[in-house]
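Following our numbering from start to finish, the sequence shown increments by one per residue and tops out at 300.
Here's the structure we're looking at; comments come further down.
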Amino acid sequence: MSGKHRVAIIGCGRMGKLHIQGYKQEPRCEVVAVVDILREKAEEFVKTHALSARVFTDHAEMLRAIQPEMVSICLWTRLHLPVIRDCAAAGVPAIHCEKPMAPSWGDARQIARIARGSKSRLTFSHQRRFAPSFSRARDLLRTGEFGALERIEAFNPANILDWGTHIIDLIHMYNNETPVNWVMAQIDARKIGQWFDIKYEHACVASLKFDNGVRAIIHSGDDKEMNLGIRLNCAGGIIEARAEQQLRSLKFCEGKWDETEFANSQGDQAPVAIAGVVKNLVDTLESGQTPAERMLEAWHRRWGGDLAHLYAEESF
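Structure follows, in C-alpha cells:
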C-alpha cells in the first residue's frame, strides 16, 4: 500500500495485541512486520489480525530487512534499552515503546542519551491521556470555566513505576507540561510485589510543586478505591476523572455535581486510547515535531540549562 507509513511491531503478547488495534484504526499506517522470539506466536498474531506482514524472530534481522518507518516495542521493561538502541542505530524515524521507560535510573539515562544523539522520535505509550474520561477532563479544564488550576490529587494501584507512570503523565498534561520544582516522596516496601520481571512497592505517597506554583499529591496502594484517577482542584470548582469512564465536575457557583455520560460507558477505554496514541504518533512524524526533544527541553528548563549531568556516564 504505497503512501502509508510502514510499521513493525516487536513483541506479540498482550500489549502487542493492544497496539495493533490502534494501527488498524489509522489509515495512514500499514503493519508490514511482526517480531516475536516464538515464531508460532508471531504467525498466529498475523493470522488473527488479518495482516499482510512478514514474520521475524529477531528484531535486528527485521530492521535490516524491512527498514520500517515506525516501530512499536511491546516487550518486558528490561528489554527496552537494547531494542531502542538498535532501532535508533538503524535510523527508524519513529520509535514507540511500552511504558515504563526502564527498570532503573541508569537505563533511563542511557535511553535519554540515545534519543538525544539520534534522529529518531522516541515516545512511550501513556495512552491514558487519550482515554475519554481523562481527555474530557482536560477539555473542561481548558475552558477556563473552573478557574485556574491550583492542586492536583492523583491515585493509582500499587506499583508507581508501572501504573504510576500514567498518573505522572496525566498530571503533567493537566498542568501544561510545566517543569517540577521539587518532589518529596516515600514508598512502603514492607510487602514486595512483582510485575513481569520488575519488583514493586506496596504503597507510595508523593508531593510535588511545579514552577507555576501548582501542587500535586500522589497516593498509591492496594485499596479497592485506589484505581487510577485524578482530581483537579481549581479556583472555581473541581473536576474528577477515573479510569472506568467516570467523570464528574462541580462549579462552586452552582453547588452541584455534573456527571458526564460516555458512549459505551461499560466498555474498555483501551482501544480508544491506543488509537489516540497512534494518531498522535503519526501526526508527530508527519509534522516534524520531536517528542523526545521536548522531554529533554523540560529537563533543560528544570536544571537551568545544564544537561551534562544527565548525559554523563553513570557512576553506578
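Don't be surprised by glycine CBs; every beta carbon is placed ideally from N, CA and C.
Nothing here was measured: the structure is a model prediction, and the numbers come from that model.
| Check | Outcome |
| --- | --- |
| Excluding the five sequence neighbours on either side, which residues of its own chain have a C-beta within less than 7 Å of the C-beta of Arg69, listed in chain order? | Ile98 |
| Is there a Cβ of chain D sitting closer than 9 Å to that of Glu134, yes or no? | The structure shown contains no chain D; it holds only a single protein chain. |
| To the nearest angstrom, how far is it from the Cα of Thr32 to the Cα of Leu47? | 23 Å |
| Would you decide whether Cys237 is buried or exposed? Buried here means 16 or more other CB atoms lie within 10 Å of its CB. | exposed |
| Whose C-alpha, out of Gly272, Gln230, Val256, Ile222, is nearest the C-alpha of Lys240? | Ile222 |
| Just to confirm my understanding: we take Met(-1), look at its own chain, exclude 5 residues before and 5 after, and list those with CB closer than 7 Å. What are they? | Cys58, Glu82 |
| Per DSSP, which one or two residues make a beta bridge with Pro141? | Gly205 |
| Which whole-angstrom value is the C-beta distance of Leu231 and Arg120, which I expect to be below 8 Å? | 6 Å |
| Could you check where the alpha helix (DSSP H) with Ser343 kicks off and where it finishes? | The chain is shown only over -15 to 300; residue 343 falls outside these bounds and no answer can be derived. |
| Identify, in the order they occur along the chain, each residue of the same chain with its Cβ nearer than 7 Å to the Cβ of Phe108, setting aside the five sequence neighbours on each side. | Cys81, Lys83, Met85 |
| In the DSSP assignment, what residue or residues form a beta bridge with Asn217? | Arg135, Ile222 |
| Using the beta-carbon count (16 or more within 10 Å), is Pro11 buried or exposed? | exposed |
| List the whole-angstrom C-beta distance separating Ser56 from Ile(-6), where the pair is believed to meet the contact cut-off of C-beta under 8 Å. | 7 Å |
| Does the pairing of the region 189 to 209 with the region 130 to 144 give three or more beta-carbon distances under 8 Å? | yes |
| Closer than 6 Å by C-beta to Val164: which residues in its own chain qualify, once you throw out the five before and the five after it? Chain order, please. | Leu192, Phe194 |
| Out of Ala254, Gly260, Ala225, state which residue places its alpha-carbon closest to the alpha-carbon of Glu243. | Ala225 |
| Here's a check: name, in chain order, each residue in its chain whose Cβ is nearer than 7 Å to the Cβ of Val44, leaving out the five neighbours to either side. | A small correction: the amino acid at residue 44 is Ala; Val does not occupy that position in the sequence shown. Result list for Ala44: Asp70, in chain order. |
| For Met319, collect the residues of the same chain with a Cβ closer than 6 Å to its Cβ; drop the 5 residues on either side in sequence, then sort them by chain order. | This structure cannot speak to residue 319, because the chain is shown only from -15 to 300. |
| Can you round the beta-carbon distance between Trp60 and Phe180 to whole angstroms, since I take them to be within the 8 Å contact cut? | 5 Å |
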